[in-house]
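Enquirer: Before we start, here is the structure in question, set down as structure tokens.
Protein chains: 2
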Amino acid sequence: MTSPPPHGRTELSLTPVEAPPQLRADAARNRARLLEAAARLAAEQGAANLTMEAVACAAQVGKGTVFRRFGDRPGLLLALLDHQEQRFQEAFMSGPAPLGPGAPAGERLHAFGPAALRHEDAHRDLYLAAVQPDPARRHTVPARLVRHTHLAVLLREAGTDADVELAAQTLLGYLDTGLVHHLLTVRGLPLARVEAGWHDLVSRMLVRGH
Amino acid sequence: MTSPPPHGRTELSLTPVEAPPQLRADAARNRARLLEAAARLAAEQGAANLTMEAVACAAQVGKGTVFRRFGDRPGLLLALLDHQEQRFQEAFMSGPAPLGPGAPAGERLHAFGPAALRHEDAHRDLYLAAVQPDPARRHTVPARLVRHTHLAVLLREAGTDADVELAAQTLLGYLDTGLVHHLLTVRGLPLARVEAGWHDLVSRMLVRGH
DNA sequence: ACTATAAACGGACTTCGGTCCGGTTAGTTG
DNA sequence: CAACTAACCGGACCGAAGTCCGTTTATAGT
Chain A
1 MTSPPPHGRT ELSLTPVEAP PQLRADAARN RARLLEAAAR LAAEQGAANL
51 TMEAVACAAQ VGKGTVFRRF GDRPGLLLAL LDHQEQRFQE AFMSGPAPLG
101 PGAPAGERLH AFGPAALRHE DAHRDLYLAA VQPDPARRHT VPARLVRHTH
151 LAVLLREAGT DADVELAAQT LLGYLDTGLV HHLLTVRGLP LARVEAGWHD
201 LVSRMLVRGH
Chain B
1 MTSPPPHGRT ELSLTPVEAP PQLRADAARN RARLLEAAAR LAAEQGAANL
51 TMEAVACAAQ VGKGTVFRRF GDRPGLLLAL LDHQEQRFQE AFMSGPAPLG
101 PGAPAGERLH AFGPAALRHE DAHRDLYLAA VQPDPARRHT VPARLVRHTH
151 LAVLLREAGT DADVELAAQT LLGYLDTGLV HHLLTVRGLP LARVEAGWHD
201 LVSRMLVRGH
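Chains as they are written, first to last, in full-length UniProt numbering: chain A, 1 to 210; chain B, 1 to 210.
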């Protein structure tokens with residue numbers, strides 16, 4: 001059994017309401033060094049080949065420190081993605097329409113897919129490397145919850161008569177990083193087709209009284 | 001780079017057309033012993049806690065033998081599931097209607113969800129433990145391909161005007177073991193609601209000219 | 001400043017998945 | 001039946017994730 005660290009709580013960031021953990025000065029410095037080292041190594045040799053020990057070593061820090069700060073490997077990768085993820089979240093939560101507020105919910109839903117697709121495409125290897133191996137935890141990642149809530153709100157707002165909870169999961173599943181990667185790379189589908197599939201799926205979710 | 005073993009090819013079973021690898025006598029004996037030991041250990045202490053070494057040891061066999069035969073841990077777990085999986089495949093490919101042939105494609109699609117849900121529910125821990133950690137390989141598991149093809153055929157037969165390839169992936173995603181487990185266990189949704197969600201989703205996939 | 005203490009540190013250690021390779025054996029061929 | 005070989009076997013070995021615990025240090029309170 002793993003008990004949570006005494007106070008440092010290993011980065012649950014990215015949930016909307018976030019109390020800054022207020023790290024000790026040295027801890028904050030090491031955290032920054034670790035992220036920088038991780039980013040550099042990931043860029044050099046690919047995120048998939050990143051080892052925790054290499055990061056610790058490159059940051060001139062003990063291995064235990066990495067784990068105390070980030071919990072585990074996915075935790076570190078997620079922290080690396082955090083910045084990008086925040087930019088994407090801002091885009092659909094407070095950015096310009098039709099992705100952001102201002103457009104009708106239906107249009108925002110349609111805009112969400114291509115935006116997410118392109119966003120993840122730009123950081124593919126990092127997103128793929130950050131996937132939780134444990135199927136249970138994959139669905140409790142903060143970033144996923146945010147997207148789920150967003151989609152659920154839009155669906156309700158658009159007046160769907162589907163079960164919003166489940167419909168949002170369906171939409172989220174369609175955008176799953178691993179699935180998209182498989183469709184694009186392994187199966188070789190053009191991006192346009194996957195986007196078209198999204199639009200069709202959204203439309204179907206909004207059809208009423210079938 | 002991992003090159004495939006000389007002849008024994010580590011179990012790609014469960015693809016419809018299957019050439020029996022024709023193992024040597026001792027190899028076949030050890031394979032059986034390993035599966036039996038694995039099944040016993042999985043039942044005793046949970047599939048999630050199964051270690052390859054423990055299986056090897058319990059089967060009175062070297063560790064290398066386990067890996068040569070099954071490739072890796074997911075491979076072993078998949079082999080353990082193979083029998084159950086085959087029974088399920090028979091049920092929807094040649095069993096009684098409405099799941100099997102005989103009923104109209106639409107009805108068969110509706111029947112598929114609850115059947116899959118209940119089937120995986122009965123072997124939950126094994127299915128969860130057998131999930132490939134690597135997101136790329138998760139989509140190339142033979143059992144998944146079979147289901148995908150089946151759903152695609154039914155969708156086309158039912159005359160959907162959606163992109164069958166993508167629609168089948170969407171349906172498959174809705175039934176994802178990890179997702180369903182999360183919805184049922186973590187979120188606490190009743191099974192009936194998830195089943196209702198399936199029926200709604202299938203209906204939407206079959207709506208025409210929206 | 002001084003002290004107390006919660007937090008952080010590092011790196012040895014454990015565990016487990018997966019690989020390697022020298023030795024063994026089933027099955028085939030003459 | 002002998003010899004040959006392809007497949008098989010075992011277990012030492014390796015790399016990486018994650019844990020543990022004795023030591024150090026930042027900071028708050030006096």
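We put the beta carbon where it would ideally sit given N, CA and C, even for glycine.
Would a check of beta-carbon distances place Thr170(A) closer than 8 Å to chain B?
Expert: Cβ-Cβ to chain B under 8 Å: yes for Thr170(A).
Enquirer: 8 Å is my cut-off, CB to CB: does Thr51(B) come that close to chain A?
Expert: False, the Cβ-Cβ gap to chain A never drops below 8 Å.
Enquirer: Determine whether the Cβ of Arg24(B) lies closer than 8 Å to any Cβ atom of chain A.
Expert: No, its Cβ sits nowhere closer than 8 Å to a Cβ of chain A.
Enquirer: Please state if the CB of Leu99(B) and the CB of Arg108(B) are separated by a distance shorter than 8 Å.
Expert: It is a contact, given that the beta carbons lie within the stated cut-off.
Enquirer: Quick one: which unbroken alpha helix (DSSP H) runs of 4-plus residues sit fully inside the stretch 148-201 of chain A? Chain order, please.
Expert: Listed in chain order, the complete alpha helix (DSSP H) runs (minimum 4 residues) inside the stretch 148-201 of chain A are 164-174, 177-181.
Enquirer: Quick one: Cα of Leu154(B) to Cα of Leu172(B), how far?
Expert: Going by the C-alpha atoms only, they are around 13 Å apart.
Enquirer: For Asp161(B), count neighbouring Cβ atoms within 10 angstroms of its own Cβ and tell me buried if that reaches 16, exposed if not.
Expert: The residue is exposed, with fewer than 16 neighbouring Cβ atoms inside 10 Å.
Enquirer: Using a beta-carbon distance below 8 Å, is His181(B) in contact with chain A?
Expert: His181(B) counts as touching chain A.
Enquirer: Alpha carbon to alpha carbon, how far is Leu23(A) from Pro6(A)? Give it in angstroms, no decimals.
Expert: Confidence at Pro6(A) is low in this model, with a pLDDT of 46, below 50, so its placement is unreliable and no value can be given for it.
Enquirer: Given a limit of 7 Å on CB to CB distance, which residues of the stretch 142-153 of chain B reach chain A?
Expert: Those residues of the stretch 142-153 of chain B that come within reach of chain A (Cβ to Cβ, closer than 7 Å) do not exist; the list is empty.
Enquirer: I'd like to know whether the C-beta atoms of Gly188(B) and Leu166(A) end up nearer to each other than 8 Å.
Expert: The answer is no: Cβ separation not under 8 Å.
Enquirer: Please report the distance separating the alpha-carbon of Ala168(A) from that of Leu151(B).
Expert: When rounded, the distance between both Cα atoms is 21 Å.
Enquirer: Step through the CB atoms of chain A and report whether any lies within less than 8 Å of the CB of Val202(B).
Expert: Chain A, which has no Cβ nearer than 8 Å to the Cβ of Val202(B), makes this no.
Enquirer: Could you please give the first and the last residue of the uninterrupted alpha helix (DSSP H) stretch that includes Arg137(B)?
Expert: Per DSSP, Arg137(B) belongs to the alpha helix (DSSP H) from 135-138.
Enquirer: At 8 Å on the CB atoms, spell out the chain A contacts of His139(B), in chain order.
Expert: The contacting residues are Gly178, Leu179, His182, Val186.
Enquirer: Is the beta carbon of Ala58(A) closer than 8 Å to that of Leu41(A)?
Expert: Yes.
Enquirer: Rounded to the nearest angstrom, what separates Val186(B) and Asp26(B) at their Cα positions?
Expert: Roughly 45 Å between the two C-alpha positions.
Enquirer: Per the contact definition of three or more C-beta pairs closer than 8 Å, is the stretch 118-131 of chain B in contact with the stretch 67-86 of chain B?
Expert: Result yes; three or more Cβ-Cβ pairs closer than 8 Å.
Enquirer: Do you know offhand how far Gly62(A)'s Cα is from Asp200(A)'s?
Expert: Taking the straight line from one Cα to the other gives about 50 Å.
Enquirer: To the nearest angstrom, how far is the alpha carbon of Phe70(B) from that of Leu34(B)?
Expert: So the two alpha carbons sit approximately 10 Å from each other.
Enquirer: Under 8 Å, Cβ to Cβ, is there at least one residue of chain A near Leu128(B)?
Expert: Chain A, which has a Cβ nearer than 8 Å to the Cβ of Leu128(B), makes this yes.
Enquirer: Run through the DSSP bridge pairs and tell me what Ala103(B) is partnered with.
Expert: Its beta-bridge partners are Pro101(B).
Enquirer: Which of helix, strand or coil does DSSP assign to Gln45(A)?
Expert: Three-state result, Gln45(A): helix.
Enquirer: Need the endpoints of the alpha helix (DSSP H) that Val55(A) sits in, please.
Expert: That run of the alpha helix (DSSP H) goes 52-58.
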